[in-house]
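Right, one structure below, let's go through it.
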Amino acid sequence: MSRRAQENLLAAVLLVFFLGYLAVATRFGPNARLVPIPMALIGLVCLVAQIVRQNLKGGLTKNTFGPLLLLTGGRQTPGTEDAAEAAGAPSGRDARRELQAFGFVALFVLLIVALGPVPAVFLFCAGFLTFSKHYAPWKAAAVALAFAATVYLLFVVGLELQLYHGLLEPWIAG
Amino acid sequence: MLEAIGAGLVALATPQAMTFMLIGVVYGLVVGILPGLGGIVALALLLPFTYGHELAATLALLLGAHIATIWGGSVTSILFNVPGAAKSLALVFDGHPMTQQGQAGRALGASAMAALLGGIIGAVFLALSIPIVRPVMLALGPSEYLMLALWGLTIIATFSEGSLLKGLIATALGIMIAFVGMDPVTGTPRFWFGSVYLLDGISFPVAMIGLFAVAEMIKLHVKGATIVDRVAGSEQSSVLDGVKDTFRHRWLVVRSSLLGLWIGVLPGVGASVGGIAAYAHAVQTSKTPERFGKGAVEGVIAPDATLGANEGGGLMPTLAFGIPGGESMAILLVAFLSMGIVPGPQMLTSGLDIVFSMVWIIVIANLLTTLLGLAVSSQLARLPMMNPNILIPLVLSVCLFGAFATRGLIADVVVAASFGLIGYVMDKYRYSRANFVIGMVLAEMIERNLHISLSLYGNDFLFTRPIALTMLIFVVVTTALPFVRSHKLKRTLERRNA
């Protein structure tokens, strides 16, 4: 998918969000919607202008960072969308790694919800260090155990945090 | 006021406050030296630790970390040619050439001393400006505060890096998310979809942890390599040479610090612009401008003095008006609010000792950063080469555990992770995360002051409050100005190219 198509997809998602937000906000009383509706409308107008700009005016994001623009004599600095557009769509490697990253964040959250934060930290760290082949499994487990113990001391002992024991606690305890 | 100056210092003279400041500075140096993480991530990760301690100690932790991260960012610019944050960009122009010439020690010495002097000038300014700003603030009413908040929003959005439109969209999104939960004015539940969790609103610290810290870990995994893989050249200079250079160019330090102060006071202009502007100033005022870009020590001194002074300047609008001077100040503002520090006129009256505690913290933290930073700079310089396979699980664990710790709610973990994904997407497509945060922070101020203005002065309050009307015109002009300038610049460049 080209960079422009990705930008359009994101803009479409935002458009749905803004319209949905406005639809919900209209149900509030006059005082409660006094600020949300104008703010959402301003955002919506900017979004529509952005969609028009990125599709009709031939340019994605310009770097408007004044001093840099002056220093570069108006040339775009690396990292702007124009440069990205010129470089083409992101590589398959990037997309794969993005999915991996989203996956391990989601997995970590699931572990926390299921088992509670401390066991989740141990399992996630040990798993990550093992599967990334950074350490041998026994060393990964030792590092993860030391880190989970540090986190426990810091948050539970130091900050006196009431721990959550996870959805699976009744089964594990039983 | 003298009493408040003394009380501010006494509040810091506790073992907890001193320990917290030391922890903050060490932590700030470590995180600041990791390019891409920097000050915002450092502060976001500290937010769960802001509860249940002495106020001065918590402030020392936060401000100490914040100040240390700024110099940490300069270190990576000088040693690796990788700006630790956008604000440290100007340091790469001459700092890294100095490293390549074997003068890394001299560059680090000059950088640290300039940041220290700039920081002290900033702190003194913050202290001196209080008697001047106080009567102005007390004269302002809710309508004027409303206009100030609107100005803060628009100026931040329009000065932000990337597209102006995307900056404004991100700001609007931040404001809209802030309206989730119970409306504090009318008591109406908004955007809660029957969820008791949403009725309490989205926790600012949790959102910050996700938007910045979790998103940066996702970015690091996608990059799939160490943050930095360069090694500095062999050393032929000492830190002391750099310290002497700073005193030799003392007037440049003073001028750059004043520039940093001015830029810090203007909400949204930010230290990124300050560093570049200071560099440009050093080039313009030098008798030998041809040396710049090839390792001129003034090219290190000027931006660092500006960055150091910027903090004192940035704290002024944050504390006095509740308008954050930049993205780091927005996170500090979130922390202040969670500690019960409400920015506004009372900060400069009943809360004056807290303000002076901050002034003292800036001075002491700058001193500590300089001493510690210079002592351990060679060891710190190895940190960016740390393998991401170690960094990611450890930082992510602290992020999600920290999110849980803010309110003890497991749903906050899910929200932090979701904001992590949102932050990653925003960063990838250049919708400014900083604007989003600032929108979130200022939303409540806008809504509250609008409602108070309407009930106090009626629907046409703008016409009965001439200062507010003038400020509104100013808001409109300053919002339109960057668009006009951008259009003019584009036309000039087109003409030049034609």
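Protein sequence lines, in the order shown, are assigned to chains A and B.
For the first sequence, the working numbering gives the first residue as 1, with consecutive numbering after it.
For the second sequence, the working numbering gives the first residue as 1001, with consecutive numbering after it.
We put the beta carbon where it would ideally sit given N, CA and C, even for glycine.
In terms of Cβ geometry, PRO38/A and PHE1404/B do not form a close pair [threshold 7 angstroms].
Rounded to the nearest whole angstrom, the CA to CA distance from LEU15/A to ALA1207/B is 22 angstroms. Between LYS1428/B and VAL1214/B, the alpha-carbon positions lie close to 14 angstroms from each other. The count of Cβ pairs closer than 8 angstroms, one atom from the stretch 1391-1400 of chain B and one from the stretch 1178-1198 of chain B, stays below three, leaving the stretches out of contact. Of all C-beta pairs linking the stretch 1010-1026 of chain B to the stretch 1053-1065 of chain B, three or more are shorter than 8 angstroms, placing the two stretches in contact. Burial state of GLU169/A is exposed, judged by a 10 Å Cβ sphere holding fewer than 16 other Cβ atoms. SER1143/B and TYR1457/B do touch by the CB rule: their CB atoms are close to 7 angstroms apart, below 8 angstroms. Remark: C-beta atoms of GLY1264/B and GLY1313/B approach each other more closely than 7 angstroms. Here the C-alpha atom of GLU1054/B lies approximately 10 angstroms from the C-alpha atom of PHE1020/B.
From the beta-carbon of HIS165/A, no residue of chain B is found nearer than 9 angstroms; the closest lies around 10 angstroms away. Identification of residues in the stretch 1159-1191 of chain B having a C-beta nearer than 7 angstroms to some C-beta of chain A yields GLU1161, GLY1162, SER1163, LEU1164, LEU1165, LYS1166, LEU1168, ILE1169, ALA1172, LEU1173, ILE1175, MET1176, PHE1179, ASP1183, VAL1185, THR1186, THR1188, ARG1190, PHE1191, given in sequence order. Neighbours of PHE1212/B in chain A, taken as residues at a C-beta separation under 7 angstroms, are lacking, since the least C-beta distance is about 14 angstroms. Taking a contact to require three or more Cβ pairs closer than 8 angstroms, the stretch 1288-1295 of chain B and the stretch 1095-1110 of chain B qualify as touching. Rounded to the nearest angstrom, the Cβ distance from GLY1119/B to ASN1366/B is 3 angstroms, consistent with a contact under 8 angstroms.
If the five residues before and after SER1238/B are omitted, its C-beta is found closer than 6 angstroms to the C-beta atoms of GLY1105, all from its own chain and listed in chain order. Proximity of chain A to ALA1405/B at the Cβ level (cut-off 8 angstroms) is accounted for by PHE155, LEU159, LEU161, in chain order.
In the pairwise beta carbon analysis, the stretch 1437-1448 of chain B is classified as touching the stretch 1330-1340 of chain B: at least three pairs are separated by under 8 angstroms. The way I'd put it, the stretch 1298-1307 of chain B does touch the stretch 1248-1261 of chain B; three or more beta-carbon pairs between them come closer than 8 angstroms. At the C-beta level, ALA1042/B and THR1069/B come within 7 angstroms of one another. DSSP, reduced to helix, strand and coil, places MET1182/B within a strand of the structure shown.
The criterion of a C-beta distance shorter than 7 angstroms is not satisfied by GLY1420/B and ARG1433/B. Using a 10 angstroms sphere on the CB of ASN55/A, the tally of other CB atoms stays under 16, which defines it as exposed.
Going by DSSP, ARG1448/B is part of the alpha helix (DSSP H) stretching over 1433-1457.
ARG1465/B and VAL35/A have their alpha carbons spaced roughly 20 angstroms apart. Looking at the DSSP output, PRO1189/B sits in a beta bridge with MET1182/B. The DSSP-derived three-state label of VAL1342/B is coil. Within chain B, no C-beta atom comes less than 9 angstroms from the C-beta of PRO137/A; the nearest is roughly 14 angstroms away.
Judged by their CB atoms, ALA120/A and LEU167/A are not nearer to each other than the 7 angstroms cut-off. Residue contact with chain B for VAL45/A: absent (no Cβ-Cβ distance below 7 angstroms to any residue of chain B). In the displayed model, ARG1248/B falls within a helix according to three-state DSSP. If you ignore the 5 residues before and after ILE1121/B, its C-beta comes within less than 6 angstroms of the C-beta of SER1257, ALA1309, all in its own chain and listed in chain order. Here VAL1185/B has GLU1447, ARG1448, HIS1451 as same chain residues with Cβ atoms under 7 angstroms from its own Cβ, once five neighbours each way along the sequence are excluded. Going by beta carbons, PHE1204/B and ILE1040/B fall outside the 7 angstroms limit.
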